[in-house]
Each structure stands twice: as C-alpha cells, then as structure tokens.
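Chemist: Questions regarding the structure given below will be posed in turn.
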C-alpha cells in the first residue's frame, strides 16, 4: 500500500512539470502582434490598426470682417463630379455630391406704392388701424395713461441730455407697408424704418404710433415724445418751443421713454433725450435737423388732400409758411 502511494505521488509530480513547460509568460492586455507570429492575412473592419484617413482635413478660413473659423474640407470633388460619376450607378437624393444648381432664383423685390389710389386702398386712415393703434379701442388707452409713480419722472438737473445719431447708409430708402403687414422696430424709440402710406396731419395727438410719425420724420418733420408720467411743466415748455419753431411737427406721448429722460425730440436718424428742458439745446437740434428727412437735404412739403388724423387733438399752425422758410426765427429776435 505504501509503495502504491509513492508511485501516485511521482506520477502527479511528473505530470505537473510537463504542464508547466507548455505555458509561456506574457503581458496582460497586450494586443500587439509579435514579430515571431504570422501577420493577419484576412480583412480588417472598419480599418486596419494605425489607419489614418487622409480624405478629410481641417483648415483655417478667413471670413469677412476679419473673423476666423475652422472649416472642414470634404472629399475631393473630382471623385464625385458630374463629369466623373461614381463607379456604381447610384441614385442620389436630392442631388449627387458636387451638384451645382445653375437656375437663377428671382429675388423678392418689394414693390413701392405707386399712385394715390393704391395708397388709399391699403390705408385710408379709418379701417384696420388696430394693427398699430386704434383710438376707439379702450384696450389701447394704456399708450397715453400714466401707469407708474410720477415721482420717478421728476426733472433732475444733474441728468445730462443724450444725443443719438444713427449712421444710416446714404442709399437706404424706407419701405412703405400697408395695414395688412405688421411693422416692428429694433430700437425702442425708432428714428428710421418702414412706415404707413398715409402721413399724419401735423399737430398734437392723444397718441400717435411710430408707424405713423416715422412717415413725418421721413418728410423732414420734428417729433416730440413725452412720457405720460413726465412733469407737465416740462412738457408744456418743450411743446411751446417746438410749436414756435416750425409748422412741420408732431407731438405725442410714448411709453418707451425712461424715467431718467422722459422727454425727447426726434429727427430722421437722430434723437435728443432729456430730463430737463434746455431751450438752447432744443432749438439747436430743431434748426440743425428740421426739413431734412431721409434724403438729408431740404425737402419741400407736399400736403395731400387725404391725411391720417385719428387721435388728433389740435392741428399745427403756420409759423412762417407751409415750407417753414425760417425756422425758430423768433428765437433770434429775443
């Protein structure tokens, strides 16, 4: 029995030594090919190891106004040009790569309103006014009501007036839009842009929307805006100055003015906003900009038989004549 156990132990030891010689030590997680191993002869998917795609490259492209961006250059058009089609007869949707549409696309050009009849058909000053402002609609009355604390709008002598001058291109010409189109502006207090066909009568209004008084600015008028919460004495002083300077003027409240500067004079492309009326500054602004309009040259006034007058409180009176030959002349006599 003892000899049998010795023989079994010898057999186990010999078997263990034989198995140990059949294994080699290697690095864990090593997927590289050894030099003594046969290279892989079959196909790789999607690419063989260490593959580099040279069909796409990234380059820096200069863009207008000096900006720089990264742009990816796609596969060369030679491979997919119209003259050299791909080897397989593929059907491309909507067009094959490299396709260039040579059909001319007609640009949309806004047609101007050419005659008086056409102008009155799309804007007669009576119907469809609610797109901008309807004086008969009580829901629009907030435009001329003081809905804030009046103490916020108290005149402040330490607040300086601000003159804004917008650089409008010389070739710019405002569009005239009918009441079936809404008109919106980027600026809270616009001094240029599209307007309605029917110009408003000159004078003071309970409220006149910017879509109307911009037409007046284009014709060379001066527009006075005041916040409904502004100090009444300051409003009266600025109104009297404007009324005494020229016939071509509009006066209307505006909720867009700030408590710091609740008064403003507007001309085409310019605005003067103030907290306290400075008569000398106001007169200079009026004399420098009156009658210029969007063409920035002296314009003769052409009054139409039909003009917008919804919300008109009092019509403007002549100072010298309809053409305002002399602007703020009474100021020079003092």
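Numbering (mature numbering (1 follows the signal peptide of the UniProt record, and there is no 0)), first residue to last: -16 to -1, 1 to 318. No residue lacks a Cβ here, since even glycine has one placed at the ideal position from N, Cα and C.
If we ignore side chains and look at the alpha-carbon of each, how far apart do residue 122 and residue 227 end up?
Modeler: For the purposes of this step, residue 122 is taken as residue 138 along the chain shown, with counting starting at 1. For the purposes of this step, residue 227 is taken as residue 243 along the chain shown, with counting starting at 1. Taking the straight line from one Cα to the other gives about 29 Å.
Chemist: Return yes when the Cβ of residue 247 is within less than 8 Å of the Cβ of residue 191, no when it is not.
Modeler: Here residue 191 refers to the residue found at position 207 of the chain shown. Here residue 247 refers to the residue found at position 263 of the chain shown. Their beta carbons are not under 8 Å apart, which means residue 191 does not touch residue 247 by this criterion.
Chemist: So, helix, strand or coil for residue 257, using DSSP?
Modeler: Walking along the chain shown from the start, residue 257 turns up at place 273. DSSP places residue 257 in strand when its eight states are reduced to three.
Chemist: Could you check if residue 107 is buried or exposed, using at least 16 other CB atoms within 10 Å of its CB as the buried criterion?
Modeler: Residue mapping note: residue 107 aligns to position 123 of the chain shown, counting from 1. Label assigned to residue 107: buried.
Chemist: Compute every distance between the C-beta of residue 105 and the non-hydrogen atoms of the ligand ADP, then say whether any falls below 7 Å.
Modeler: This structure lacks the ligand ADP, and indeed carries no ligand of any kind.
Chemist: Let me make sure I understand the geometry here. Which of 114, 258 and 281 has the alpha-carbon closest to that of residue 142?
Modeler: Within the chain shown, the letter at position 158 stands for residue 142. When each option's Cα is compared against that of residue 142, the closest is 258.
Chemist: Counting pairs of Cβ atoms below 8 Å between the segment 192 to 209 and the segment 112 to 126, do you hit three or more?
Modeler: Short answer: they touch.
Chemist: Rounded to whole angstroms, what's the CA-CA distance from residue 199 to residue 139? Just pull it up for me.
Modeler: For the purposes of this step, residue 199 is taken as the residue at position 215 of the chain shown. For the purposes of this step, residue 139 is taken as the residue at position 155 of the chain shown. Distance between the alpha carbons of residue 199 and residue 139 is about 30 Å.
Chemist: Under 8 Å by Cβ, that's how I've got residue 224 and residue 254 pegged, so tell me the actual separation to the nearest angstrom.
Modeler: Position 240 of the chain shown, counted from the start, is the residue given in the question as residue 224. Position 270 of the chain shown, counted from the start, is the residue given in the question as residue 254. About 21 Å; that fails the 8 Å criterion.
Chemist: Looking only at its chain, what residues have a beta carbon closer than 7 Å to the beta carbon of residue 337, apart from the 5 residues adjacent to it on each side?
Modeler: Residue 337 is absent from the model: the chain starts at -16 and stops at 318.
Chemist: At what residues does the beta strand (DSSP E) containing residue 276 begin and finish?
Modeler: Taking the first residue of the chain shown as 1, we reach residue 276 at position 292. That residue, residue 276, is in no beta strand (DSSP E); it is neither H nor E in DSSP.
Chemist: So, for residue 284: in the same chain, excluding its five sequence neighbours on each side, which residues have a beta-carbon less than 8 Å away from its beta-carbon?
Modeler: Here residue 284 refers to the residue found at position 300 of the chain shown. The residues are 307.
Chemist: Can you say whether residue 250 is buried or exposed, counting buried as having 16 or more other CB atoms within 10 angstroms of its CB?
Modeler: By one-based count along the chain shown, residue 250 stands at place 266. Counting Cβ neighbours within 10 Å, residue 250 comes out buried, since at least 16 surround it.
Chemist: If you run the structure through DSSP and keep just helix, strand and coil, what is residue 233?
Modeler: Within the chain shown, numbered from 1, the residue matching residue 233 stands at position 249. Residue 233 falls in the strand class under three-state DSSP.
Chemist: Work out the CA separation of residue 238 and residue 127 for me, nearest whole Å.
Modeler: Within the chain shown, residue 127 is the residue found at index 143, counting from 1. Within the chain shown, residue 238 is the residue found at index 254, counting from 1. Roughly 7 Å between the two C-alpha positions.
Chemist: Helix, strand or coil: which one does DSSP assign to residue 159?
Modeler: Walking along the chain shown from the start, residue 159 turns up at place 175. Residue 159 falls in the coil class under three-state DSSP.
Chemist: Which residues does DSSP pair with residue 251 in a beta bridge?
Modeler: Your numbering for residue 251 matches position 267 in the chain shown. Note: residue 251 sits in a beta bridge opposite 254.
Chemist: Quick one: measure Cβ to Cβ for residue 319 and residue 230, integer angstroms, because I've assumed they're closer than 8 Å.
Modeler: The structure shown has nothing for residue 319, since the chain only spans -16 to 318.
Chemist: How about residue 214 and residue 137: do their beta carbons lie closer than 8 Å?
Modeler: Looking up residue 214 in the chain shown gives position 230. Looking up residue 137 in the chain shown gives position 153. Yes; because the gap between Cβ atoms is below 8 Å, this pair is in contact.
Chemist: Please confirm whether residue 240 and residue 172 have their CB atoms less than 8 Å apart.
Modeler: Here residue 240 corresponds to residue number 256 of the chain shown, with the count starting at 1. Here residue 172 corresponds to residue number 188 of the chain shown, with the count starting at 1. Yes, Cβ-Cβ distance for residue 240 and residue 172 is below 8 Å.
Chemist: Going by the beta-carbon positions, is the gap between residue 277 and residue 220 smaller than 8 Å?
Modeler: What you label residue 277 is simply residue 293 of the chain shown in a count that begins at 1. What you label residue 220 is simply residue 236 of the chain shown in a count that begins at 1. Cβ distance not < 8 Å, so residue 277 and residue 220 don't count as in contact.
Chemist: According to DSSP, what are the bridge partners of residue 241?
Modeler: By one-based count along the chain shown, residue 241 stands at place 257. Partner(s): none; residue 241 has no beta bridge.
Chemist: What is the DSSP secondary structure of residue -13, reduced to helix, strand or coil?
Modeler: Within the chain shown, numbered from 1, the residue matching residue -13 stands at position 4. Reduced to three states, the DSSP call for residue -13 is helix.
Chemist: Would you list the residues sitting across from residue 187 in a DSSP beta bridge?
Modeler: Here the question's residue 187 lines up with position 203 in the chain shown. DSSP output for residue 187 lists 234 and 299 as bridge partner(s).
Chemist: Look at residue 291 and residue 185 and say whether their C-beta atoms are less than 8 Å apart.
Modeler: Position 307 of the chain shown, counted from the start, is the residue given in the question as residue 291. Position 201 of the chain shown, counted from the start, is the residue given in the question as residue 185. Yes, they are a contact pair.
Chemist: Beta-carbon within less than 7 Å of residue 86's beta-carbon, same chain only, minus the 5 sequence neighbours each way: which residues are those?
Modeler: One-based indexing of the chain shown puts residue 86 at position 102. In this prediction, residue 86 has a pLDDT of 46, which is less than 50 and means its spatial position is unreliable; what the coordinates show is noted afterwards. There are no such residues.
Chemist: In whole angstroms, give me the CA-to-CA distance for residue 261 and residue 244.
Modeler: Reading the chain shown from its first residue, position 277 is the one you call residue 261. Reading the chain shown from its first residue, position 260 is the one you call residue 244. Those two C-alpha atoms are separated by around 13 Å.
Chemist: Can the beta-carbon of residue 264 be found less than 8 Å from the beta-carbon of residue 233?
Modeler: Position 280 of the chain shown, counted from the start, is the residue given in the question as residue 264. Position 249 of the chain shown, counted from the start, is the residue given in the question as residue 233. No, they are not a contact pair.
Chemist: I'd like to know whether the C-beta of residue -10 is nearer than 8 Å to at least one C-beta of chain B.
Modeler: Looking at the structure shown, chain B is missing, and only one protein chain is on hand.
Chemist: If I measure Cβ to Cβ from residue 183 and keep anything under 8 Å in the same chain, skipping five residues before and after, which residues do I get?
Modeler: Reading the chain shown from its first residue, position 199 is the one you call residue 183. Cβ within range, chain order: 196, 199, 200, 203, 288, 291 and 292.
Chemist: So who's on the other strand from residue 284, going by DSSP bridges?
Modeler: Here the question's residue 284 lines up with position 300 in the chain shown. Answer is none; residue 284 lacks a bridge partner.
Chemist: Taking DSSP's pairing of strands, which residues face residue 206 in a bridge?
Modeler: Looking up residue 206 in the chain shown gives position 222. DSSP lists 233 as partners of residue 206.
Chemist: Flag this pair as yes or no: are the beta carbons of residue 302 and residue 212 separated by less than 8 Å?
Modeler: Walking along the chain shown from the start, residue 302 turns up at place 318. Walking along the chain shown from the start, residue 212 turns up at place 228. Not in contact: residue 302 and residue 212 (Cβ atoms no closer than 8 Å).
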